[in-house]
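The sequence shown begins at 31 in my numbering and counts up one residue at a time.
Don't be surprised by glycine CBs; every beta carbon is placed ideally from N, CA and C.
Source: prediction; values computed, not measured.
What follows is a set of notes on a single structure, which appears directly below.
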Amino acid sequence: MNKIITALLALVVLAGIVITAQMTGLINLEMNGKKPSYQNKGKLDVICELEVSKPNDNLSQPFDTARLTMPAQFDFDENTGWYTGEYAISMNRKGTLNVQDDLLKVSRPALFKRYGLMITGEHFTLNRRNGQFKQWLDLEGNKRLDLITGRCKRATNAPF
Numbered sequence: 031m032n033k034i035i036t037a038l039l040a041l042v043v044l045a046g047i048v049i050t051a052q053m054t055g056l057i058n059l060e061m062n063g064k065k066p067s068y069q070n071k072g073k074l075d076v077i078c079e080l081e082v083s084k085p086n087d088n089l090s091q092p093f094d095t096a097r098l099t100m101p102a103q104f105d106f107d108e109n110t111g112w113y114t115g116e117y118a119i120s121m122n123r124k125g126t127l128n129v130q131d132d133l134l135k136v137s138r139p140a141l142f143k144r145y146g147l148m149i150t151g152e153h154f155t156l157n158r159r160n161g162q163f164k165q166w167l168d169l170e171g172n173k174r175l176d177l178i179t180g181r182c183k184r185a186t187n188a189p190f
């Protein structure tokens with residue numbers, strides 16, 4: 031009898047934790063089966079709280095890290111995007127926007143040398159489902175250097 035009561039109590043506590051996490055946005059169970067509708071016209075302005083991992087003179091560890099707040103913009107009408115940061119795809123040198131459901135991906139070819147390697151591409155993404163931001167560089171030899179991760183939210187505090 032004690033085992034049954036303990037098991038039921040554990041189930042109630044677990045259900046309470048899951049419900050609380052769903053309500054606070056820590057998890058999203060998508061029980062209705064509908065895809066979220068996102069803005070796909072005009073400009074989307076976001077503010078991002080990011081952690082930047084910057085290599086030193088070469089790619090040896092550990093990287094210098096810093097926490098920064100940076101804006102980013104996605105222009106659906108022009109199919110471009112930019113952010114301000116390390117090796118920024120900036121307002122003056124925007125990248126090409128590719129919309130893949132929840133994921134907004136901005137990329138631009140590059141050809142410059144850093145850390146003893148040739149940089150061949152710059153990329154950043156925003157996952158509109160959870161606000162996750164990632165930025166990386168393509169390096170010669172099909173290598174990837176992840177530099178920035180963090181979370182973004184709309185500048186107007188509305189959903190994506």
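Worksheet item: Buried or exposed: where does GLN165 fall if 16 or more other Cβ atoms within 10 Å of its Cβ makes it buried?
Response: Here residue 165 is taken as the residue at index 135 of the sequence shown, counted from 1. Counting other Cβ atoms within 10 Å of its Cβ, GLN165 reaches 16 or more and is therefore classed as buried.
Item to complete: With DSSP as the reference, please indicate the residues paired to THR179 in a beta bridge.
Response: For the purposes of this step, residue 179 is taken as the residue at position 149 of the sequence shown. In the DSSP assignment, THR179 forms a beta bridge with GLU81 and LYS164.
Fill in: Same chain, Cβ closer than 6 Å to ASN128, neighbours up to 5 away in sequence not counted
Here the question's residue 128 lines up with position 98 in the sequence shown. The answer, listed in chain order, is LYS135.
Worksheet item: Cα-Cα, which of THR186, THR179, ILE34 and ALA185 is closest to ALA96?
Response: Position 66 of the sequence shown, counting from 1, holds the residue named residue 96. Comparing alpha-carbon positions, the option among THR186, THR179, ILE34 and ALA185 lying closest to ALA96 turns out to be THR179.
Practice prompt. Output the boundary residues of the beta strand (DSSP E) element that contains TYR145.
Written response: Here residue 145 refers to the residue found at position 115 of the sequence shown. Element bounds for TYR145: n/a, residue is neither H nor E.
Discussion item. Judging by CA-CA distance, which residue of LEU74, GLY72 and PHE93 is the nearest neighbour of VAL82?
Written reply: Working through the sequence shown from its first residue, we reach residue 82 at position 52. Selected option, being the one with the closest Cα: PHE93.
Discussion item. If you reduce the DSSP assignment to three classes, tell me which class LYS124 lands in.
Written reply: Taking the sequence shown and counting its residues from 1, one reaches residue 124 at position 94. In this structure, DSSP gives LYS124 a state outside helix and strand, which the three-state scheme calls coil.
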